[in-house]
Amino acid sequence: MSVHCLAIRHSERLVRSAFPKKACKHLKRTAGSQLLQKNVELIRVAEIIGSFGEHHTVDTLNLTIRVYKLFSDSSSVDVNTGDDNADSDAAVARTYRMPSAHLEGLWESLYFDTDIKSMLLQFMSSAILFGEKGIDHNFISWNRLIFLHGPPGTGKTSLCRSLAQKIAIRMNHRYEYTKLVEINSHSLFSRYFSESGKLVGKTFEDFLEMLEDDDTFLVVLIDEVESLTTARTAAASGNDPSDSLRAVNALLTGLDKLKYKDNVIVLTTSNLPHTVDPAFLDRIDFKYYIGPPGAKSVYTILRSMFDEMIRCGIINHSVSSWCSLVFPSC
Ligand SMILES: Nc1ncnc2c1ncn2[C@@H]1O[C@H](COP(=O)(O)OP(=O)(O)OP(=O)(O)O)[C@@H](O)[C@H]1O
Ligand SMILES: [Mg+2]
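For the sequence shown, full-length UniProt numbering gives the first residue as 1, with consecutive numbering after it.
Shown next, in the form of structure tokens:
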């Protein structure tokens, strides 16, 4: 069995040096070294909260350790036919069991100028707390809906996928199954133009059915959500047939039903936020602009690429010294 373990807490500098060894020692003490060697493939630090002090031992740190297994299975569902193994181009939805082997390390490889990653984790912590405490939706109304927008290629989809991975790991003590369902709203519309209203409704019915299982947490990712939500504006100007209108209405109704479920979160992305339906925008709980990376992030992304090539032996350290001449802050 392949088990990955994360230990959480302290500063970034410590992550790369002493901390993993300390976490490892701690695990050896608690779990027994043989058990560790047999079952744990990798130990790494995922998050550090608090300021960097002068001296710390494992005993003085507040460690949170999560042990998890990676899955590689995914399935495509053709909502139209209900075919569970539809070829992936035809499918409008793709389901991945989380945490996924394909997404391991993605979160760590993403760099942003702002602390969007912590904000998303904070949002998720509140979502979980609200669910656990059973808040009354009449007093605190929210839709479990996140919307990331910005120019192409800035990491929106990657951030959503890796957030699903994070959720699966952090909540594995509560939910046995976490699934990421990716919907390509663009293909849903283009392929089934006359049927899209019905199909969106059917898709949300399927979600509600999956959510009946208390041991399942569902992360729904709707990429290019503007394809589904521009219809009402277009219909109002007389350019779009009523089916598009029905699709948007089905999406809004579907979201209104999901909001009463504690075991779901909906992540959406768009390049064209100004074309998105106002009623959809009104339902968003967390909206964030992801812009092109600034100089510091570009540097960090490039550096991580060089580090990876060094790790794989494609370039050697002498090239890296050359690199630090080119990039003085290397
Ligand atoms: N901030 C970032 N840090 C590291 N890699 C990034 C970052 N942003 C994008 N990338 C890389 O660029 C590629 C494209 O990212 P992604 O598809 O997530 O962008 P996107 O914002 O969803 O684009 P689009 O709007 O076109 O769908 C991915 O391989 C991703 O790993
Ligand atoms: Mg994308």
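Beta carbons are placed, not taken as given, at the ideal position from N, Cα and C, and that holds for glycine. If you're wondering where the values come from, they're calculated on a predicted model, not measured in any experiment.
Where residue i sits in the DSSP three-state scheme
i, result
"Phe112", "coil"
"Met1", "Its pLDDT being 39, under 50, Met1 is placed unreliably in this model, and the coordinates cannot settle the point."
"Thr216", "strand"
"Gly260", "Inspection of the sequence shows that residue 260 is occupied by Tyr rather than by Gly. If DSSP states are grouped into helix, strand and coil, Tyr260 belongs with coil."
"Arg303", "helix"
"Met98", "strand"
"Thr81", "Since pLDDT at Thr81 reaches only 47, below the 50 mark, its modelled position is unreliable, and no value is offered."
"Asn143", "coil"
"Arg13", "The predicted position of Arg13 is uncertain, since its pLDDT is 33 and thus under 50; a value taken from the coordinates is nonetheless stated next. Reduced to three states, the DSSP call for Arg13 is helix."
"Asn184", "strand"
"His149", "strand"
"Asp59", "helix"
"Arg246", "helix"
"Ser270", "strand"
"Thr230", "coil"
"Glu308", "helix"
"Arg44", "strand"
"residue 333", "Nothing about residue 333 can be read from this structure; the chain reaches only from 1 to 330."
"Val200", "helix"
"Val276", "coil"
"Ile314", "coil"
"Ile265", "strand"
"Thr253", "helix"
"Leu106", "helix"
Check: residue i C-beta below 7 Å from any heavy atom of ligand 2
i, result
"Thr268", "no"
"Thr157", "yes"
"Asp136", "no"
"Asp223", "yes"
Nearest-angstrom Cα separation, counted from residue j out to residue i
i, j, result
"Arg16", "Tyr299", "With a pLDDT of 37 at Arg16, under the threshold of 50, the modelled position of that residue is not reliable, and no figure is offered here."
"Glu209", "Asp115", "35 Å"
"Ile315", "Arg303", "13 Å"
"Val79", "Ala93", "With a pLDDT of only 48 at Val79, under the threshold of 50, the placement of this residue in the model should not be trusted; the figure read from the coordinates follows. Near 7 Å, if we compare the C-alpha coordinates of Ala93 and Val79."
"His274", "Phe286", "16 Å"
"Gly313", "His173", "38 Å"
"Val3", "Leu35", "Bear in mind that the predicted position of Val3 carries a pLDDT of just 43, short of 50, making it unreliable; the figure below should be weighed with that in mind. Each residue's alpha carbon lies about 11 Å from the other."
"Lys259", "Val219", "13 Å"
"Asp206", "Ala295", "44 Å"
"Ser185", "Cys160", "15 Å"
"Glu308", "Gly201", "44 Å"
"Ile310", "Ser297", "20 Å"
"Tyr96", "Ile265", "15 Å"
"Tyr289", "Gln37", "43 Å"
"Asp73", "Thr178", "12 Å"
"Thr154", "Glu108", "15 Å"
"Glu176", "Phe71", "13 Å"
"Leu252", "Phe280", "7 Å"
"Val45", "Glu195", "47 Å"
"Leu267", "Gly134", "22 Å"
"Gly50", "Ser125", "17 Å"
"Thr230", "Ser118", "31 Å"
"Val40", "Pro293", "35 Å"
"Pro151", "Phe112", "14 Å"
"residue 345", "Ile284", "No information on residue 345 is available, as it lies outside the stretch 1 to 330 that the chain covers here."
"Asn121", "Leu245", "Rather than Asn, the amino acid found at residue 121 in this sequence is Leu. Each residue's alpha carbon lies about 34 Å from the other."
"His55", "Asn62", "14 Å"
"His137", "Gly131", "10 Å"
"Leu180", "Ile222", "11 Å"
"Val276", "Gly254", "17 Å"
Proximity test, residue i beta-carbon vs ligand 1 heavy atom, cut-off 7 Å
i, result
"Thr114", "no"
"Ser196", "no"
"Ile146", "no"
"Asn62", "no"
"Leu110", "yes"
"Ile301", "yes"
"Gly153", "yes"
"Asn184", "no"
"Ser297", "yes"
"Pro273", "no"
"Pro99", "no"
Residue i versus the options, residue with shortest Cα-Cα distance
i, options, result
"Ile43", "Ile65, His55, Gln34", "Ile65"
"Asp262", "Ile284, Asp223, Glu212", "Glu212"
"Asp243", "Leu199, Ile222, Arg283, Lys166", "Leu199"
"Val248", "Glu182, Gly197, Ile310, His149", "Gly197"
"Ala250", "Asp214, Thr203, Glu224", "Thr203"
"Glu182", "Asn143, Tyr68, Glu224", "Glu224"
"Thr157", "His137, Leu103, Asp113", "Leu103"
"Leu228", "Asn271, Phe217, Thr216", "Asn271"
"Ile146", "Pro292, His137, Ala127", "Ala127"
"Ser100", "Thr230, Glu47, Lys166, Thr216", "Lys166"
"Thr216", "Met98, Tyr68, Leu148", "Met98"
"Leu106", "Gly291, Ser141, Leu163, Leu180", "Leu163"
"Glu226", "Asp256, Gly254, Thr57, Pro278", "Pro278"
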